[in-house]
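Chemist:
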Amino acid sequence: MKRKDLILTGILLLMIGVTIGTLIALYSINKELAPLSEVRVTEINRSTDPFISDEALENSDARFLFRKIAEEVTPTVVYIEAIVPIEGTIPNDENHRFEEEDLEDDESIWDRLMPQRARTVGSGVLITSDGYILTNHHVVEGAVENGLNVVLSDKREYPAQMIGFDTSTDLAVIKINGTDLPKVTVGDSETIDVGEWVLAIGNPFRLRSTVTAGIVSALSRDVQIINDRMRIESFIQTDAAINKGNSGGALVNTSGQLVGINTAIASQTGTYQGYGFAVPSNLAIKVAQDIIEYGQVRRALLGVSIAAIDYNRAVEKGMETVRGVEILSVSRDGAASESGLISGDVVLRVNGVEVNEANQLQQQVAVLSPGENVRLTILRDGDIFDREVPLKLQEPEEIPEIAANEENLIPNEIPEGNNGGIEYKEFELGFRLIGIANPEDPAEQDIYVHHVYKYSEAWNRGMREDHQITEIDGKKVENLGRLEELLTQNLTSNRSVTLRYKDDEGASGYIRLEKDQ
Numbered sequence: 448m449k450r451k452d453l454i455l456t457g458i459l460l461l462m463i464g465v466t467i468g469t470l471i472a473l474y475s476i477n478k479e480l481a482p483l484s485e486v487r488v489t490e491i492n493r494s495t496d497p498f499i500s501d502e503a504l505e506n507s508d509a510r511f512l513f514r515k516i517a518e519e520v521t522p523t524v525v526y527i528e529a530i531v532p533i534e535g536t537i538p539n540d541e542n543h544r545f546e547e548e549d550l551e552d553d554e555s556i557w558d559r560l561m562p563q564r565a566r567t568v569g570s571g572v573l574i575t576s577d578g579y580i581l582t583n584h585h586v587v588e589g590a591v592e593n594g595l596n597v598v599l600s601d602k603r604e605y606p607a608q609m610i611g612f613d614t615s616t617d618l619a620v621i622k623i624n625g626t627d628l629p630k631v632t633v634g635d636s637e638t639i640d641v642g643e644w645v646l647a648i649g650n651p652f653r654l655r656s657t658v659t660a661g662i663v664s665a666l667s668r669d670v671q672i673i674n675d676r677m678r679i680e681s682f683i684q685t686d687a688a689i690n691k692g693n694s695g696g697a698l699v700n701t702s703g704q705l706v707g708i709n710t711a712i713a714s715q716t717g718t719y720q721g722y723g724f725a726v727p728s729n730l731a732i733k734v735a736q737d738i739i740e741y742g743q744v745r746r747a748l749l750g751v752s753i754a755a756i757d758y759n760r761a762v763e764k765g766m767e768t769v770r771g772v773e774i775l776s777v778s779r780d781g782a783a784s785e786s787g788l789i790s791g792d793v794v795l796r797v798n799g800v801e802v803n804e805a806n807q808l809q810q811q812v813a814v815l816s817p818g819e820n821v822r823l824t825i826l827r828d829g830d831i832f833d834r835e836v837p838l839k840l841q842e843p844e845e846i847p848e849i850a851a852n853e854e855n856l857i858p859n860e861i862p863e864g865n866n867g868g869i870e871y872k873e874f875e876l877g878f879r880l881i882g883i884a885n886p887e888d889p890a891e892q893d894i895y896v897h898h899v900y901k902y903s904e905a906w907n908r909g910m911r912e913d914h915q916i917t918e919i920d921g922k923k924v925e926n927l928g929r930l931e932e933l934l935t936q937n938l939t940s941n942r943s944v945t946l947r948y949k950d951d952e953g954a955s956g957y958i959r960l961e962k963d964q
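Just so you know, we're using our numbering here: the sequence shown kicks off at 448 and counts up by one.
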């Protein structure tokens, strides 16, 4: 072989060797990195650090501050369209039953008879970069299969799927398939105060990415708008303009952090009148994380019925100031009972946070998880002490369905008035009582709860069938007539009444009912 050929052959072999070595090296690197590239982490940003310092905030012009917040947060707020069926389009009777072959030749008839659908709109907040969106349940409730669509602020569109929802807080989580999506930074809703500036970002009246400004008007509002027996309402109230379509959108502070999910308005016209309400971010994110991780909310249970202390009750208990939340009854085998709490105890603080309304205590417990300890500051007989309570898991409760018109229906077999020593009476706060005459003294009756209407005031306050009513505001009730007299008098003068009862196991408790103003 010639010298020239030997040199060329050597160069060729060297190049082949370098190429093979490079390929092996690249394969090794890719083999090591491949598992990492496939890992997708769902993470929610939480921070109490402002992106604008306090000093800069004091010296800044509000116009430029709001512009900065809008630039940071608007990309994380999405527009949601949900397609929902309109029930009752075709009457369900013998005159409206058709076979498909009867309609094949007349598409217009088929179109008219097909169940109609409506398109509802609202807002949502991206809380993770891989597409989890927090919104209100009422925005996406009842959406048909493949009937959820999300549009980002940059006009990218995605189909979405329902991950889960929680009716007690009117929150839901949906998901779109995306990567490196903008996500909101979640703040601490416990740190906001009345009078602080906040911005509401959403899509009112289909007007995409609308930003409005206002202040925090009040905290811990219970406006009874969530139709659920276990509802938790401790809303942030704001006068930032909120309208239809804002539901599920973001309420953010001057640090650009999410402090609430805009949920409802109070209005006589159906549009903005200065009263908007948002679910606090601490509660909303707890709900969202549970839904993402477990598919449902794992709610911690204290095992008590409660009512806020008012002036009259504070005087009765010898309290110097009106404060705290009274424990009216304690569930047997519940967390509170096992920790030594009793009826009549007054909860002053939960984990160091003062509570003066029942919904404030509910919220403080709702942000915790089953198994966690909660520290309650208790007032009992003039003494104040702390008690650590390990919270239990609230088991799902099966609620019997009722007829759609049950609120106005008294069964024919249960007439009002006396019927052979048994008397029935309906009350406007949502319950029916039965009075059973005492054989030794017909003027006296044992009074039991015969029925409680679902979602009524009585139901929401914990009244249940077979409770025996013994007292009203500390006064013994001998019969239904006396009970009705006391109930009417106290609701007229105080707008509230406290009933003492015994359950089917003989344990005593209290239920406080309030009449709407």
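We treat Cβ as the ideally placed atom computed from N, Cα and C, and that holds for glycine.
Assign L856 to buried or exposed, taking buried as 16 or more other Cβ atoms, counted over all protein chains shown, within 10 Å of its Cβ.
Modeler: Residue confidence for L856 is low, a pLDDT of 35 falling below 50, so the modelled location carries little weight; the figure read from the coordinates is stated next. By the neighbour-count rule (16 or more Cβ atoms within 10 Å), L856 is not buried but exposed.
Chemist: Hey, could you find the ends of the beta strand (DSSP E) N941 is sitting in?
Modeler: Counting along the chain, N941 falls outside any beta strand (DSSP E), though it belongs to the alpha helix (DSSP H) covering 927-941.
Chemist: To the nearest whole angstrom, what separates the beta carbons of A697 and V821, a pair I think is in contact under 8 Å?
Modeler: Going by Cβ atoms, the distance from A697 to V821 rounds to 29 Å, so no, they are not a contact pair.
Chemist: CA-CA distance, T917 and Y957?
Modeler: Using only the alpha carbons, I get a separation of about 10 Å.
Chemist: Using a threshold of 8 Å, state whether the C-beta atoms of V734 and D613 are closer than that.
Modeler: Cβ distance < 8 Å, so V734 and D613 count as in contact.
Chemist: Start and end of the alpha helix (DSSP H) containing H585?
Modeler: Counting along the chain, the alpha helix (DSSP H) containing H585 begins and ends at 584-587.
Chemist: Could you give the distance in angstroms between the alpha-carbon of F682 and the alpha-carbon of V726?
Modeler: The alpha-carbon atoms of F682 and V726 are separated by roughly 5 Å.
Chemist: Leaving out five residues on either side along the sequence, give the residues of the same chain with a beta carbon under 6 Å from the beta carbon of R564.
Modeler: Within the same chain, R564 has close Cβ partners I530, P532.
Chemist: By how many angstroms is the C-alpha of R746 removed from the C-alpha of A713?
Modeler: Cα to Cα, A713 sits roughly 28 Å from R746.
Chemist: Is it the case that the Cβ atoms of V587 and I610 are separated by a distance below 8 Å?
Modeler: Result no, Cβ atoms of V587 and I610 do not sit closer than 8 Å.
Chemist: Could you have a look at E875 and say whether DSSP puts it in helix, strand or coil?
Modeler: Here E875 sits in coil by DSSP.
Chemist: Across which residues does DSSP place F832 in a beta bridge pair?
Modeler: Partner(s): I825.
Chemist: Got a sec? Which residues, its chain only, sit under 6 Å from S664 by beta carbon, not counting five neighbours each side?
Modeler: Hits under 6 Å: Q684, T685, D686.
Chemist: For I662, list the residues DSSP reports as bridge partners.
Modeler: Its beta-bridge partners are W644.
Chemist: Considering just the uninterrupted stretch of the alpha helix (DSSP H) at R770, what are its terminal residues?
Modeler: Segment: none, R770 is in no alpha helix (DSSP H) and carries neither H nor E.
Chemist: Could you tell me the alpha carbon to alpha carbon distance between Q807 and V751, rounded to whole angstroms?
Modeler: Rounded to whole angstroms, Q807 to V751 spans 14 Å at the Cα level.
Chemist: Measuring only the C-alpha atoms, how far is N583 from N624?
Modeler: The straight-line gap from Cα to Cα measures roughly 20 Å.
Chemist: Contact between the region 588-598 and the region 632-641: three or more CB pairs below 8 Å?
Modeler: Flag = no, the region 588-598 and the region 632-641 do not touch.
Chemist: Is it right to say F545 is buried, meaning 16 or more other beta carbons lie within 10 angstroms of its own, or is it exposed?
Modeler: In this prediction, F545 has a pLDDT of 39, which is less than 50 and means its spatial position is unreliable; nothing more can be read from the coordinates.
Chemist: What's the call for A783, buried or exposed, on a 16-neighbour Cβ count within 10 Å?
Modeler: A783 should be labelled buried.
Chemist: Is the region 870-879 close to the region 902-914, with three or more CB pairs under 8 Å?
Modeler: They touch, by the three-pair rule.
Chemist: Does the beta-carbon distance from L880 to Y895 come in below 8 Å?
Modeler: Yes, the Cβ-Cβ distance between L880 and Y895 is below 8 Å.
Chemist: What whole-angstrom Cβ distance do S656 and V524 have, given they're in contact under 8 Å?
Modeler: Indeed, because the Cβ distance is near 7 Å, the residues count as touching under 8 Å.
Chemist: The beta strand (DSSP E) with Y605 in it runs from where to where?
Modeler: First-last of the beta strand (DSSP E) with Y605: 604-606.
Chemist: Roughly how many angstroms lie between the CA atoms of Q809 and E931, to the nearest whole one?
Modeler: C-alpha separation (whole angstroms): 31 Å.
Chemist: Does DSSP put R678 in a helix, a strand or coil?
Modeler: R678: coil per DSSP, three-state reduction.
Chemist: The alpha helix (DSSP H) spanning K733 covers which residue range?
Modeler: Unbroken alpha helix (DSSP H) run through K733: 728-741.
Chemist: Just the C-alpha distance for I672 and L938, rounded to the nearest angstrom, thanks.
Modeler: Rounded to whole angstroms, I672 to L938 spans 22 Å at the Cα level.
Chemist: Using DSSP bridges, identify the partner residues of W809.
Modeler: Per the sequence presented here, residue 809 reads as Gln, with Trp not at that position. The partner list for Q809 (beta bridge, DSSP) is empty, contrary to what the question assumes.
Chemist: From the DSSP output, read off the bridge partner residues of H898.
Modeler: BP columns for H898 point to R879.
Chemist: In this structure, does DSSP put A782 in helix, strand or coil?
Modeler: Residue state, collapsed to three classes: helix.
Chemist: My understanding is that Q915 touches Y948, with C-beta atoms under 8 Å, so please give their C-beta distance in whole angstroms.
Modeler: Sure, about 6 Å apart at Cβ, within 8 Å.
Chemist: State the CB to CB distance for the pair G723 and I689, rounded to an integer number of angstroms; the pair is presumed to be in contact (CB under 8 Å).
Modeler: That pair is a contact at about 4 Å.
Chemist: For A725, list the residues DSSP reports as bridge partners.
Modeler: For A725, which the question treats as bridged, DSSP gives the partners I683, N709.
Chemist: In the DSSP assignment, find the unbroken alpha helix (DSSP H) run with R760 in it and report its ends.
Modeler: Here the alpha helix (DSSP H) through R760 covers 758-763.
Chemist: Who does A747 pair with in a DSSP beta bridge?
Modeler: Partner(s): L840.
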